[in-house]
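Residue numbers (full-length UniProt numbering): 1 to 340.
Beta carbons are placed, not taken as given, at the ideal position from N, Cα and C, and that holds for glycine.
What follows is one structure encoded as structure tokens, with my remarks underneath.
Given below as structure tokens:
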């Protein structure tokens, strides 16, 4: 490995405070890894992307930086293989332990991966089930992951911000803390939280990314510029019953009204009371309340009897209650929910 560069110089460079001579020194150090053995040549593109996210979040968490300046003085983005080698060298400078991906136990209903740099642990949760999976973040915020959705977050947020990264469809109920803005990075957009509950959908398979607000307010911007905790002129602010829609092919970001049958209604908290009702009478109420289409895998389930008061429940809460009280499982198949 090359001789490490001074920590204070790298910090100045990241903050954009370097002189011309110092910038040249950093670039010389950076490009010295051109021929360095990268140790990641065997990684798949997906693994490369994940490792890059892990390194990024870990370094940001250790430096306690959020506002990263976008300047022309920064080297062009390099392929991960060479960038990884440089980041590994930087890790030595910051007296951090070696960067690596540590695979933990694979449970039936979740897959967790932890990346460790010093005292910062990056957790990656992927919902590989047909259920909606709930994750509680370090600040007590809650996130519901739809099937195939993923989230990455540190075990402890930075002092001046709370940053997470997602893929797929995730609904957030964020704990308010004006001094520590909550920022969500996904494939093509950045979402900043100025309120409480909202739905984010952004994945590799879709040309469209959108954010729908249930309560409070959020701002959305196209990815690519510097991430800052402040509201900028390029962001779209949206409120309840509104959504921000970003088209990847046209690079356009607009605010629109939320459709009546939007998925976000599934997370609206309500009160439903069932007094010894059979499941066949309960399903139409759930369909109407949450704008969903629930089916049963067998006719006998229709005769199950439920006595319950669902105070302040959203749809995932109700489905979990059905699982526990009636021993009824469920799976999200295409655009409907199947009880079995």
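- For residue 285, the enclosing alpha helix (DSSP H) has its first and last residue at 279-290.
- With respect to residue 139, residue 207 sits apart: the two C-beta atoms are not nearer than 9 Å.
- The straight-line gap separating the alpha-carbon atoms of residue 244 and residue 211 is approximately 5 Å.
- Per the C-alpha coordinates, the member of 322, 290, 272 positioned closest to residue 305 is 322.
- The secondary-structure analysis by DSSP pairs residue 239 with nothing; it has no beta-bridge partner.
- Taking the CA atoms as reference points, residue 331 sits about 16 Å from residue 263.
- The C-beta of residue 271 has fewer than 16 other C-beta atoms within 10 Å across all chains shown, which makes the residue exposed.
- By the C-beta density criterion, residue 276 is exposed, having fewer than 16 other C-beta atoms within 10 angstroms.
- Taking the Cα of residue 186 as reference, the smallest distance to any Cα among 215, 329, 220 is reached at 220.
- Taking 4 residues as the minimum length, the UniProt domain "FecR protein" (128-218) contains no alpha helix (DSSP H) run wholly inside it.
- DSSP, read as helix, strand or coil, puts residue 337 in strand.
- For a cut-off of 8 Å, the C-beta gap from residue 155 to residue 123 is around 7 Å, short enough to register as a contact.
- Between residue 165 and residue 204, the alpha-carbon positions lie close to 14 Å from each other.
- Where residue 26 is concerned, the enclosing alpha helix (DSSP H) starts and stops at 20-31.
- As a beta-bridge residue in DSSP terms, residue 247 pairs with 208, 252.
- Residue 265: not part of any alpha helix (DSSP H); DSSP gives it neither H nor E.
- Shown here, residue 124 sits in a strand according to DSSP, grouped into three states.
- In this structure, the straight-line span from the alpha carbon of residue 241 to that of residue 14 is close to 39 Å.
- Within the same chain, Cβ atoms closer than 8 Å to the Cβ of residue 12 are found at 18, 22, the five residues on either side in sequence being excluded.
- DSSP, read as helix, strand or coil, puts residue 5 in coil.
- Rounded to the nearest angstrom, the gap between the Cα atoms of residue 181 and residue 127 is 26 Å.
- C-alpha of residue 268 to C-alpha of residue 192: approximately 20 Å in a straight line.
- Looking at the DSSP output, residue 331 shares a beta bridge with 338.
- The Cβ atoms of residue 279 and residue 326 sit closer than 9 Å to each other.
- The beta carbon of residue 286 sits closer than 8 Å to the beta carbons of 272, 292, 294, 315, 318 from its chain, once the five residues preceding and following it are set aside; these are given in chain order.
- Just measuring C-alpha positions, the residue of 230, 225, 174, 169 sitting nearest residue 200 is 169.
- In this structure residue 256 is exposed. Its beta-carbon is surrounded by fewer than 16 other beta-carbon atoms within 10 angstroms.
- Here the C-alpha atom of residue 31 lies approximately 19 Å from the C-alpha atom of residue 16.
- In the DSSP assignment, residue 311 is bridged to 271.
- Where residue 223 is concerned, there is no enclosing beta strand (DSSP E), because DSSP gives it neither an H nor an E.
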